[in-house]
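Under the working numbering, the first residue of the sequence shown is numbered 1, with each subsequent residue one higher.
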Amino acid sequence: MLNRKLRMLRQRYLKPWIKYLRCSPALKKVVLGVDAGASKTEIAALDLSGSLVGLLSSKPANPSATSVKVACKNVVNGVRKLVNNLKDVEVVALGVGMAGVINEESKEVVRSFVGKSLNMDLSQVHVFEDVLAAHVASFAFGDGIVAVLGTGSCVFGVYKGRNVRFGGWGHLLGDEGSAYRIGNYALREYLKFLEGRDRHSTLHKLLESRLGSRSVSDVLATVYRSKDPKGLVASLAPYVFNAFKEGDALAREIIEGEICLFSEQIVAAAEALGMKCPEVSVVGGVFEGNKELVKSLLIKCLERKFSACELIVRGSLMRASCASALIALKKVLGDAYVSDALISAVVKECSVGT
Numbered sequence: 001m002l003n004r005k006l007r008m009l010r011q012r013y014l015k016p017w018i019k020y021l022r023c024s025p026a027l028k029k030v031v032l033g034v035d036a037g038a039s040k041t042e043i044a045a046l047d048l049s050g051s052l053v054g055l056l057s058s059k060p061a062n063p064s065a066t067s068v069k070v071a072c073k074n075v076v077n078g079v080r081k082l083v084n085n086l087k088d089v090e091v092v093a094l095g096v097g098m099a100g101v102i103n104e105e106s107k108e109v110v111r112s113f114v115g116k117s118l119n120m121d122l123s124q125v126h127v128f129e130d131v132l133a134a135h136v137a138s139f140a141f142g143d144g145i146v147a148v149l150g151t152g153s154c155v156f157g158v159y160k161g162r163n164v165r166f167g168g169w170g171h172l173l174g175d176e177g178s179a180y181r182i183g184n185y186a187l188r189e190y191l192k193f194l195e196g197r198d199r200h201s202t203l204h205k206l207l208e209s210r211l212g213s214r215s216v217s218d219v220l221a222t223v224y225r226s227k228d229p230k231g232l233v234a235s236l237a238p239y240v241f242n243a244f245k246e247g248d249a250l251a252r253e254i255i256e257g258e259i260c261l262f263s264e265q266i267v268a269a270a271e272a273l274g275m276k277c278p279e280v281s282v283v284g285g286v287f288e289g290n291k292e293l294v295k296s297l298l299i300k301c302l303e304r305k306f307s308a309c310e311l312i313v314r315g316s317l318m319r320a321s322c323a324s325a326l327i328a329l330k331k332v333l334g335d336a337y338v339s340d341a342l343i344s345a346v347v348k349e350c351s352v353g354t
């Protein structure tokens with residue numbers, strides 16, 4: 001009698017759960033990495049063997065281009081969307097590379113907002129400056145100098161356990177060689193031309209086509225009424241490079257001057273770290289859009305200081321979003337887990353061309 005009742009209870013209550021458990025796949029463990037940029041945010045998902053299982057682009061999440069709150073919301077929304085797309089995954093770590101998080105207080109603000117919004121244990125969420133992700137993307141935790149040339153600019157070097165950072169002061173105080181500085185310089189020269197203080201050039205013609213403005217007042221209205229004046233000015237940089245390639249002397253003067261000014265930060269980093277012949281990786285939109293030109297100009301400027309050695313100037317090994325994931329994985333699971341084999345797998349999966 002008792003056995004019969006037990007069989008009935010098993011049939012009624014346990015069998016449906018047994019069936020469910022047999023049919024439900026185990027959750028795949030993943031680590032997420034975020035590259036919070038000024039033009040877009042890229043989020044990568046890696047499984048624990050280093051395979052790239054998901055990649056998503058979402059709204060910009062750079063606090064300098066928007067507010068910290070909006071930047072955090074855009075990160076959260078992007079992560080949610082990627083996780084929903086992947087389905088049946090467990091996020092074991094989240095790394096967020098973001099500009100402007102230069103002290104522990106600012107990192108904690110972002111970490112708390114993102115972690116709580118995603119219902120994650122805060123020990124699984126790690127926030128760091130985007131330049132660290134750029135360095136790992138370039139040197140995979142090894143030695144070298146990463147030179148960031150995007151909307152803004154900065155230099156970060158690592159050598160024998162020490163690190164230094166130069167530049168990154170923002171568009172009001174620095175950012176030599178950046179898209180903003182190049183665009184700003186060109187725009188000022190265009191305004192001089194419109195005032196009759198400069199001769200017409202290819203650069204002026206290209207800027208006129210971009211801005212659709214033929215008077216000083218029109219240009220000023222376009223810039224100062226823009227919702228994103230910094231982005232607007234930075235968007236002029238490609239036109240300066242195009243003018244350079246067409247032989248425009250003014251464009252050449254602007255770009256060569258800015259790249260050489262920027263190279264001084266690389267020299268300063270190498271000297272501070274005691275690197276006699278630094279390996280340099282250049283990342284960012286200015287470089288990506290003009291690789292050979294920027295590389296040749298940088299080498300020309302750097303050779304004045306490092307004439308005794310053969311300089312290596314190249315691009316990054318992997319996406320910054322994947323580097324952010326690796327940084328988080330290393331913090332959560334430890335140095336031993338992030339082996340050379342795992343790093344090699346991630347580099348293969350996340351090469352910049354993929």
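Beta carbons are placed, not taken as given, at the ideal position from N, Cα and C, and that holds for glycine.
These figures come from a predicted structure and were not determined experimentally.
Using 8 angstroms as the Cβ pair cut-off and three pairs as the minimum, do the region 191-200 and the region 159-174 touch? The answer is no - the region 159-174 does not touch the region 191-200, with fewer than three Cβ pairs under 8 angstroms.
If we call anything under 9 angstroms between Cβ atoms a contact, is V79 one with K107? Contact: no.
Among H200, F139 and F166, the one whose alpha carbon lies nearest that of R102: With the sequence shown as reference, residue 102 is identified as Ile, and Arg is not the correct amino acid for it. Looking at the Cα atoms, F166 is the closest of the given residues.
Buried or exposed: where does H135 fall if 16 or more other Cβ atoms within 10 Å of its Cβ makes it buried? With 16 or more neighbouring CB atoms inside 10 Å of its own CB, H135 falls in the buried class.
By DSSP, does Y159 sit in helix, in strand, or in coil? In this structure, Y159 counts as strand in the three-state DSSP scheme.
Can you check which of these residues, K40, F113, E349 and S344, is closest to K73 by C-alpha distance? Closest in C-alpha terms to K73, from the list K40, F113, E349 and S344, comes F113.
Kindly identify the DSSP beta-bridge partner or partners of L149. L149 is bridged to S153.
Report buried or exposed for R225, applying the criterion of at least 16 other Cβ atoms within 10 angstroms of its Cβ. With fewer than 16 Cβ atoms within 10 Å of its Cβ, R225 is classed as exposed.
Taking 8 angstroms as the threshold, find out whether the region 54-62 comes into contact with the region 331-346 through three or more Cβ pairs. In short, these stretches do not touch, since the Cβ pair count stays below three.
V318 and A140: beta carbons closer than 9 angstroms? Sequence check: residue 318 is Met here, not Val. Yes.
K87 to V131, Cα distance in whole Å? Computed Cα separation, rounded: 31 angstroms.
With the cut-off set at 9 angstroms, would you say V294 and V282 are in Cβ contact? Yes, Cβ-Cβ distance for V294 and V282 is below 9 angstroms.
Quick check: the region 151-158 against the region 117-127, are at least 3 beta-carbon pairs closer than 8 angstroms? The answer is no - the region 151-158 does not touch the region 117-127, with fewer than three Cβ pairs under 8 angstroms.
Can you tell me where the alpha helix (DSSP H) holding V332 begins and where it ends? Unbroken alpha helix (DSSP H) run through V332: A320 to L333.
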